[in-house]
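Visitor: Structure incoming, see below.
There are 2 protein chains.
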Amino acid sequence: MTLTDLFATRSSRMKASEIRELLKLLDQPDIISFAGGIPDPALFPHEAFRQAYADVLGGAQADAALQYQVSEGYLPLRRWLAAHMATLGVPCDEGNVFITSGSQQGLDYLGKLMLSPADTALVAWPTYLGALQAFNAYEPTYDRLAPEGGNTTPAAYAEAAAKAGGRAKFAYLVPDFANPTGETLTLAQREAVLDLAAELDIAVIEDAAYQALRYEGDPVPPIAALDCARSGGLDAARTIYCGSFSKILAPGLRMGWICAPRRIVEKLVLMKQAADLHSPSINQMAIHRVAETSYAAQVEKVRQVYGARRDAILAALEAAMPAGVEWSRPQGGMFVWVTLPEGIDTATLLARAVAEERVAFVPGSAFHADGSGRNTLRLSFTLADERAVTQGIPRLGRLVRDEMGRR
Amino acid sequence: MTLTDLFATRSSRMKASEIRELLKLLDQPDIISFAGGIPDPALFPHEAFRQAYADVLGGAQADAALQYQVSEGYLPLRRWLAAHMATLGVPCDEGNVFITSGSQQGLDYLGKLMLSPADTALVAWPTYLGALQAFNAYEPTYDRLAPEGGNTTPAAYAEAAAKAGGRAKFAYLVPDFANPTGETLTLAQREAVLDLAAELDIAVIEDAAYQALRYEGDPVPPIAALDCARSGGLDAARTIYCGSFSKILAPGLRMGWICAPRRIVEKLVLMKQAADLHSPSINQMAIHRVAETSYAAQVEKVRQVYGARRDAILAALEAAMPAGVEWSRPQGGMFVWVTLPEGIDTATLLARAVAEERVAFVPGSAFHADGSGRNTLRLSFTLADERAVTQGIPRLGRLVRDEMGRR
Numbered sequence: 001m002t003l004t005d006l007f008a009t010r011s012s013r014m015k016a017s018e019i020r021e022l023l024k025l026l027d028q029p030d031i032i033s034f035a036g037g038i039p040d041p042a043l044f045p046h047e048a049f050r051q052a053y054a055d056v057l058g059g060a061q062a063d064a065a066l067q068y069q070v071s072e073g074y075l076p077l078r079r080w081l082a083a084h085m086a087t088l089g090v091p092c093d094e095g096n097v098f099i100t101s102g103s104q105q106g107l108d109y110l111g112k113l114m115l116s117p118a119d120t121a122l123v124a125w126p127t128y129l130g131a132l133q134a135f136n137a138y139e140p141t142y143d144r145l146a147p148e149g150g151n152t153t154p155a156a157y158a159e160a161a162a163k164a165g166g167r168a169k170f171a172y173l174v175p176d177f178a179n180p181t182g183e184t185l186t187l188a189q190r191e192a193v194l195d196l197a198a199e200l201d202i203a204v205i206e207d208a209a210y211q212a213l214r215y216e217g218d219p220v221p222p223i224a225a226l227d228c229a230r231s232g233g234l235d236a237a238r239t240i241y242c243g244s245f246s247k248i249l250a251p252g253l254r255m256g257w258i259c260a261p262r263r264i265v266e267k268l269v270l271m272k273q274a275a276d277l278h279s280p281s282i283n284q285m286a287i288h289r290v291a292e293t294s295y296a297a298q299v300e301k302v303r304q305v306y307g308a309r310r311d312a313i314l315a316a317l318e319a320a321m322p323a324g325v326e327w328s329r330p331q332g333g334m335f336v337w338v339t340l341p342e343g344i345d346t347a348t349l350l351a352r353a354v355a356e357e358r359v360a361f362v363p364g365s366a367f368h369a370d371g372s373g374r375n376t377l378r379l380s381f382t383l384a385d386e387r388a389v390t391q392g393i394p395r396l397g398r399l400v401r402d403e404m405g406r407r
Numbered sequence: 001m002t003l004t005d006l007f008a009t010r011s012s013r014m015k016a017s018e019i020r021e022l023l024k025l026l027d028q029p030d031i032i033s034f035a036g037g038i039p040d041p042a043l044f045p046h047e048a049f050r051q052a053y054a055d056v057l058g059g060a061q062a063d064a065a066l067q068y069q070v071s072e073g074y075l076p077l078r079r080w081l082a083a084h085m086a087t088l089g090v091p092c093d094e095g096n097v098f099i100t101s102g103s104q105q106g107l108d109y110l111g112k113l114m115l116s117p118a119d120t121a122l123v124a125w126p127t128y129l130g131a132l133q134a135f136n137a138y139e140p141t142y143d144r145l146a147p148e149g150g151n152t153t154p155a156a157y158a159e160a161a162a163k164a165g166g167r168a169k170f171a172y173l174v175p176d177f178a179n180p181t182g183e184t185l186t187l188a189q190r191e192a193v194l195d196l197a198a199e200l201d202i203a204v205i206e207d208a209a210y211q212a213l214r215y216e217g218d219p220v221p222p223i224a225a226l227d228c229a230r231s232g233g234l235d236a237a238r239t240i241y242c243g244s245f246s247k248i249l250a251p252g253l254r255m256g257w258i259c260a261p262r263r264i265v266e267k268l269v270l271m272k273q274a275a276d277l278h279s280p281s282i283n284q285m286a287i288h289r290v291a292e293t294s295y296a297a298q299v300e301k302v303r304q305v306y307g308a309r310r311d312a313i314l315a316a317l318e319a320a321m322p323a324g325v326e327w328s329r330p331q332g333g334m335f336v337w338v339t340l341p342e343g344i345d346t347a348t349l350l351a352r353a354v355a356e357e358r359v360a361f362v363p364g365s366a367f368h369a370d371g372s373g374r375n376t377l378r379l380s381f382t383l384a385d386e387r388a389v390t391q392g393i394p395r396l397g398r399l400v401r402d403e404m405g406r407r
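From first to last, the protein sequence lines are chains A and B.
Residue numbering for the first sequence follows UniProt numbering, beginning at 1 and increasing consecutively.
Residue numbering for the second sequence follows UniProt numbering, beginning at 1 and increasing consecutively.
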């Protein structure tokens, strides 16, 4: 029942808990860390939160903020989110919106709802580590969701799932500025996912954690929007959209949401009644106020700051990395994905990086459900200020050059 | 996968979701309701919370309050709780304390950690509805934990569990002022539970939600304290203590804790990483401040107010109920448990109570894992002001008398 053990069966390299331990160890002032995937606290709307908690606790809402709440969530927040989803091309009402304690809880509940042991979850190789951790508790098999490699036809996916002892239940993906690769699916790729899901009659879990963090180019419609368009409405669709306030407002309140067909929301509400009754009343009321007053301005602010940091890290990589090293050019999000020549093990490289160059990253194998990707690594640029970029990336480049020279 | 359906297989009467719907329907000003088991918001320490959130967001802690946090919880709060547990006879340190989003989440995680389908959970008949809901997700069988009735020897319990297709995994109980009966286990009964658990080599889950709400008599040591004494320390014990701030401070922050052997806490931390990362940072920091300044005074305040309400409702029952009706005399907590003569169905009676007398309660069968207890009902007195008691209990007595006369 230790989730780490479960995860370890998928990845022969670093365990999830080891990575979290690593992140704690790396929290030293002289280490330049590109490891932690967290927002820059300097960008939090501190004043808006101060005002919101003071207003919620200082007025007629104080009793409600401190009292039990319905499991589906605070109605004005659900209405605000329904209106927000409509602006993204997903027309819906509050009956389609369910408040979660962060989008991580949404992933856990969806695994609990849909996965029986030996069922198959389709995921990208690599994909968000936290999603694998959440799903692992329900003991699925993973198959690779990708145009190239893995099973390539619906029949082949279904056959592989049956062979594993269950059925394919959903495709999980982060279509915009994915964690860890930074990549974004094209419109055609999104439609192809919906085609595949329709053939297999499975759900699509759209993890939209980074969707608002676009620094260039035109937005691609959410999969949920494309599904609504082809299904005639969300209640007839198969896509479950997982949203988060963590990257735009603040993660410390643990506030996320699921926007889904009503039949799914109703099941999730019963699940939440049994699991933790409801997300904290006070945080739902406070974030509703902050969303109303500050969401749009916050999106602009984080886009500008993170966008400039992305530009800087990409320029520094260009200057510092030897030939043979490749990396993604994300149009948004928080991460650049670096691929070193085959044969270099980034878990080993990390030990050298910390010891010799005082610079850190996350080795890429952890994000692969099958433990592959040993020559890859993830760089987060959300906390990468000028010093980090101008000193850290050249150090990393020097190390990679040296490691390549040893081979 | 609908939990309500699972629950319904245990109870032939009202479903858990129906009871929650009922509670919403009963929220009308002219209905005197003894149904909802919620604290009186007039007793919340409003000013302490206002000050705590203002301090947390106004000073050097603001960034940490809005940022991600470790899964085990905010260290100063865990230290405060370790000291608090020591005052209850459970010497421990922060490594034994795990922060949960309400004690309900603790129950859910413990079910997830320990129960495989067809395993057996030992529970009282009746017991806390929310515990049954939490455990039902993991598809256990229930056996009756009671001196009278059910299996009476460890061997008989083990045999019944094997026959059901699994193993007995834990005994769950609310030893102080139980929901729904208001009853408290004696020292001898607590020791007997530990003896049984030792024979079966299973865990004991001590749900201490109401423990601080004692209005008369001497405290009985927590089962965790008795277990520490016989085991030589918490890390060698088998008891898992689930605590809650909901009844003393406020439920809207969803703040509870588990105090347990370190080996259990470590597994729960991994589970929480995967399930929701951590409980909200800001609420952990705020409730730590309120606990430091106001916990002891709040205990005194709620004891005085609820104690007086308990006295009033017991006196009113004495005056209003016909011979043949029995009820518990709780030394604390929130509930009085009423047993009507055999043959009266309290679910049917509730319909008459609302329609004819505008008074409400929760029918007792919902709290029985086997759907029995149809002639029982639960009265909550936490919101029972003078009008409720002086008008509501006589109305209920009149109805019961009439129902008994019809038979």
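We treat Cβ as the ideally placed atom computed from N, Cα and C, and that holds for glycine.
1. Can the beta-carbon of B/R79 be found less than 8 angstroms from the beta-carbon of B/Y215?
2. Does chain A have any CB closer than 8 angstroms to the CB of B/A388?
3. Which residues in the same chain as B/L3 place their Cβ atom closer than 7 angstroms to its Cβ, once the five residues preceding and following it in sequence are excluded?
4. Checking 8 angstroms against the spacing of the C-beta atoms, do A/V70 and A/H288 come in under that value?
5. CA-CA distance, B/S365 and B/T127?
6. For B/T181 versus B/V220, is the C-beta spacing smaller than 8 angstroms?
7. Would you mind listing the alpha helix (DSSP H) stretches within the stretch 274-357 of chain B that are 4+ residues and don't spill past its ends, in chain order?
8. For chain B, is any of its Cβ atoms less than 8 angstroms away from the one on A/R10?
9. The alpha helix (DSSP H) spanning A/L110 covers which residue range?
10. Assuming B/F335 contacts B/N179 under a Cβ cut-off of 8 angstroms, what Cβ separation, rounded to an integer in Å, is found between them?
11. Tell me, which residues are paired with B/L122 by DSSP?
12. For chain B, is any of its Cβ atoms less than 8 angstroms away from the one on A/Q28?
13. Is the CB of A/R406 under 8 angstroms away from at least one CB in chain B?
14. Give the residues of chain A in contact with B/P140, contact being defined as C-beta atoms less than 7 angstroms apart.
15. For B/P29, does the count of other Cβ atoms within 10 angstroms reach 16, so buried, or fall short, so exposed?
16. Between the stretch 203-217 of chain B and the stretch 300-317 of chain B, can you find at least three pairs of beta-carbon atoms closer than 8 angstroms?
17. Quick one: list the residues of chain B neighbouring A/D195, beta-carbon separation under 7 angstroms, in chain order.
18. Using C-beta distances below 8 angstroms, list every residue in its chain close to B/V90, excluding the 5 sequence neighbours before and after it, in chain order.
19. Using a beta-carbon distance below 8 angstroms, is A/P251 in contact with chain B?
20. Going along chain B, which residues have a C-beta under 9 angstroms from A/P180?
21. Could you name the residues of the stretch 256-288 of chain A whose beta carbon sits closer than 8 angstroms to any beta carbon of chain B, in the order they occur along the chain?
22. Pull the bridge partners of A/C259 from the DSSP assignment, please.
23. Would you check if the distance between the CB atom of A/R329 and the CB atom of A/E357 is smaller than 8 angstroms?
24. I'd like the span of the alpha helix (DSSP H) that includes A/R230, first residue to last.
25. Thinking A/G252 and A/S244 are a contact (beta carbons under 8 angstroms), I'd like their distance in whole angstroms, please.
26. A/P180 by DSSP, collapsed to three states: which one?
27. Answer with buried or exposed for A/K169, where buried requires no fewer than 16 other C-beta atoms within 10 angstroms of its C-beta.
28. For the beta strand (DSSP E) that contains B/V204, what are its first and last residues?
29. Tell me which same chain residues have a C-beta within less than 6 angstroms of the C-beta of A/R407, skipping the five on either side of it?
30. What does B/A137 reach in chain A if we use C-beta pairs closer than 8 angstroms?
31. Given this structure, state the Cα-to-Cα distance separating B/L113 from A/V123, to the nearest angstrom.
32. On the CB-based measure, 16 or more other CB atoms within 10 Å of its CB, does A/L81 come out buried or exposed?
33. Quick check on A/L26: buried or exposed, where buried means 16 or more other Cβ atoms within 10 Å of its Cβ?
34. On the DSSP bridge list, what partners appear for A/R378?
35. Whose CA, out of A/F49, A/I32, A/F34, lies closest to the CA of A/L249?
36. Mind listing the chain A neighbours of B/S372? Cutoff is C-beta to C-beta under 7 angstroms, in chain order.
Guide: On the basis of the data shown:
1. no
2. no
3. With a pLDDT of 25 at B/L3, under the threshold of 50, the modelled position of this residue cannot be trusted, and the question is left open.
4. no
5. 10 angstroms
6. no
7. 281-320, 346-352
8. Note that A/R10 has pLDDT 31, beneath the 50 cutoff, so the model's placement of it is unreliable and the number below is only indicative. False, the Cβ-Cβ gap to chain B never drops below 8 angstroms.
9. 102-114
10. 6 angstroms
11. B/D143, B/A171
12. no
13. no
14. Under the 7 angstroms cutoff, chain A gives no residues; its nearest Cβ is about 13 angstroms from B/P140.
15. exposed
16. yes
17. Near A/D195 there are no residues of chain B at all, since even the closest Cβ is about 26 angstroms away, more than 7 angstroms.
18. P222, A224, A225, C228, L234, Y241, C259
19. yes
20. Near A/P180 there are no residues of chain B at all, since even the closest Cβ is about 17 angstroms away, more than 9 angstroms.
21. K267, L270, M271, Q273, A274, A275, D276, L277, H278, S279, P280, S281, I282, N283
22. A/V97, A/Y241
23. no
24. 223-231
25. That pair is no contact at about 13 angstroms.
26. coil
27. buried
28. 203-207
29. none
30. K112, M271, A274, A275
31. 25 angstroms
32. buried
33. buried
34. A/W337, A/V362
35. A/F49
36. Those within 7 angstroms of B/S372 in chain A number zero; the least Cβ separation is about 22 angstroms.
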